[in-house]
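Per our numbering, the sequence shown starts with residue 18, numbered consecutively.
Ideal placement from N, C-alpha and C gives every residue a C-beta, glycine not left out.
Fair warning: this is a prediction, and the values are worked out from it, not measured in the lab.
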Amino acid sequence: MPNSPRKSKRLFSHPIGYGLMLLAGVIIVGLITWPPQPPEASSAPVAATATPAPAAMDNSAVILIYHHFGKDSVPSTNIRLAQFDDQLDYLAENDFHVWSLSQLVTAFQNQTPIPDKTVVFTVDDAWISVYQEAIPRFKARGWPMTVFVNTDAIDQGYRSSMTWEQMREVQGDGIEFANHSRSHDPLIRRTDESDQAWRKRVREEVSGAQQRLQAELGAETNQTQLLSYPYGEFSEALANLVKEMGYVGIAQNSGAVNRHSDLRALMRFPMSEAFADMEAFKQKVNAVVLPVENIDPFDPIIRNNPPHLTLSFTEPPGRNIQCFNPQGDRLQQQWLDDTTLEIWDENPIPPPRSRYACTQPTQDGRWRWFSHSWVVPKAASSGLQDD
C-alpha cells in the first residue's frame, strides 16, 4: 500500500532520508552534465559511462600534421604563430614527450613500449615558413620534427619552398626529412590508367623522391622509409603497394595511434587555424586509441554513397561511442554485437574527400579517438556505383 502523506513527510524530514535524496540528485546532475565533448563532436550528447585508461604497454601516441606557419593568406593550412607558441608551451609545461616520427615507428615495429603522452610533430610540403618559423622554435627547445618533402618543388627552386641547402643546414638534432612523393600528384589510380601504368607511376614517384632525398641530404635520410600520402589520399591497393615497397604510409585522418595501428595508414591530427584553439589542441594531444581491430571496408574509395563502415573491436568497448561527419552531424549507428559497430551517414558524402570520426570518453578525462578517411569518386558522389 502506498505511503501516506504523513509517512512521506517524515522520511523527507529525517536526516538519513534527506541525505539519500540529496545524493540521488547529485548523481542525476552528474550523469546529465559529465563529460564535456571534444570539439569535433559537440553537436550530440555523450553517455556518462567511461572506459578505463589503457595499459602501459599499449600507450598511445598522437601525430600532428602542419603545413604553413604564420602564413595568413592560406588559413586552411596555416597555424598562427601565437597559436603555435601556445601549443608548444602547453606541451613543455605538462610533461609531454616529443618524439620524431621515425623514433615512434621504430618503436611500433619493434613492439617496444612508448611513454604516455607522446606527441610527434610532422609537416607536409617543406614550405619556406617551416625553415623560417617552425624549425628555429624546435631547435631552441631541443625537440624533433619530421618534414615530408615533395622533391620536384625543391628541384624546381620554388621560392615558397625550402631549398636543399636550407635542409642540409638544419637537419640533425632531431630534424628529419621524409618522402612526400616527387610531384605531390594524387597517387590513387586514375580512371584512365591501367594497373600496370599506375604501379609504374607510383614506384617512380616514391622511389624517385627517396633517391633525391638521399642524394641531397645523405644516404641515412629516411631510412625508416616514411611516406606521407599527397593530400592524405590513399586506396587499399595503394596502401598495399606502399607496404610491398617497404614504406610506412602516413595519412591525415584524425586519431591516436599505438603499436597495434596499421602501418599502411597511420592517423594524424591536422593542425590549422580552424582546428587549433587551445581547448581542441589539449583534447587531441591527450587522445588515446579506440581499440579497433578491423575496419570494413579498409578501402577509403567509396563504391556506394553514402558508405557504411563496420568497426570490430578487440574487446567490448562499451556503447557510449559516438560518431560524426566533418560538419559535426551525428552518424547513424547500429551495434551488431558487443564488439561490432556499424556506422553510416544519412546523406551522400560530397567530393573530393571526407571522414567518419568516432570518440569515447575515458575514466581519466581523456578521449579515445578514431577516424576513417573517404575518397569520393565522381560517380559515387551521386550515389552511383563505381566499378
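Give the range of the beta strand (DSSP E) segment to which residue i is assigned.
i: A157; result: No beta strand (DSSP E) contains A157, which is instead part of the alpha helix (DSSP H) from 152 to 158.
i: L243; result: 243 to 245
i: V187; result: Looking at the DSSP string, V187 is not in any beta strand (DSSP E); the run it does join, the alpha helix (DSSP H), is 181 to 187.
i: L81; result: 78 to 83
i: I267; result: 265 to 267
i: R97; result: Unbroken run through R97: none, as it is neither H nor E.
i: R385; result: 384 to 392
What did DSSP end up calling residue i once you bin it into helix, strand or coil?
i: V164; result: strand
i: E250; result: coil
i: A195; result: strand
i: A282; result: coil
i: Q377; result: strand
i: F113; result: coil
i: V91; result: coil
i: I131; result: coil
i: D141; result: strand
i: I360; result: strand
i: S146; result: helix
i: K395; result: coil
i: G400; result: Per-residue confidence for G400 stands at a pLDDT of 38, beneath the threshold of 50, marking its modelled position as unreliable; no derived number is given.
Rounded to whole angstroms, what is the Cα-Cα separation between residue i and residue j?
i: T208; j: V122; result: 33 Å
i: G382; j: A297; result: 14 Å
i: K395; j: H325; result: 18 Å
i: A248; j: R176; result: Correcting the residue identity first, residue 248 is Tyr in this sequence and not Ala. If you take the alpha carbons of Y248 and R176, they lie about 21 Å apart.
i: L280; j: T241; result: 12 Å
i: P334; j: T356; result: 7 Å
i: T180; j: V187; result: 11 Å
i: W361; j: S77; result: 27 Å
i: A226; j: D169; result: 8 Å
i: W160; j: Q149; result: 16 Å
i: R372; j: S390; result: 4 Å
i: P317; j: G189; result: 35 Å
i: C340; j: G174; result: 44 Å
i: L204; j: L118; result: 22 Å
i: L348; j: D133; result: 31 Å
i: H277; j: F387; result: 13 Å
i: D142; j: E359; result: 36 Å
i: E332; j: P367; result: 33 Å
i: D313; j: R185; result: 43 Å
i: G87; j: N322; result: 38 Å
i: K299; j: S211; result: 45 Å
i: D294; j: Q100; result: 7 Å
i: I338; j: L353; result: 14 Å
i: Q228; j: L328; result: 38 Å
i: N127; j: Q120; result: 11 Å
i: T66; j: N275; result: Summary for T66: the model assigns pLDDT 45, below 50, so the residue's position carries little reliability; its value from the coordinates is reported in the next sentence. Answer to the nearest angstrom: the Cα atoms are 24 Å apart.
i: R206; j: L98; result: 37 Å
i: D346; j: Q377; result: 16 Å
i: S59; j: P343; result: At S59 the pLDDT is 38, less than 50, meaning the model places this residue with poor confidence; the figure from the coordinates comes in the next sentence. Straight-line Cα distance between these residues: approximately 11 Å.
i: A268; j: F315; result: 13 Å
i: P365; j: Q350; result: 16 Å
i: N167; j: I131; result: 30 Å
i: N111; j: N239; result: 30 Å
Measure the Cβ-Cβ separation of residue i and residue j and say whether it is below 8 Å.
i: S289; j: S93; result: yes
i: T139; j: I80; result: yes
i: M284; j: S271; result: yes
i: V223; j: S198; result: yes
i: I192; j: I152; result: yes
i: P308; j: F286; result: no
i: W215; j: A304; result: no
i: L234; j: F194; result: yes
i: V302; j: L108; result: yes
i: V136; j: V164; result: no
i: W144; j: H84; result: yes
i: L243; j: N196; result: yes
i: L105; j: R154; result: yes
i: V306; j: A273; result: yes
For the alpha helix (DSSP H) holding residue i, just list the boundary residues, first then last.
i: Q126; result: 118 to 127
i: D212; result: 212 to 234
Inset, instruction - Any chance you could list the beta strand (DSSP E) runs of at least 3 consecutive residues sitting entirely within the stretch 298 to 357, in chain order? - result: Within the stretch 298 to 357, the complete beta strand (DSSP E) runs of at least 3 residues are 309 to 313, 325 to 330, 339 to 341, 349 to 354.
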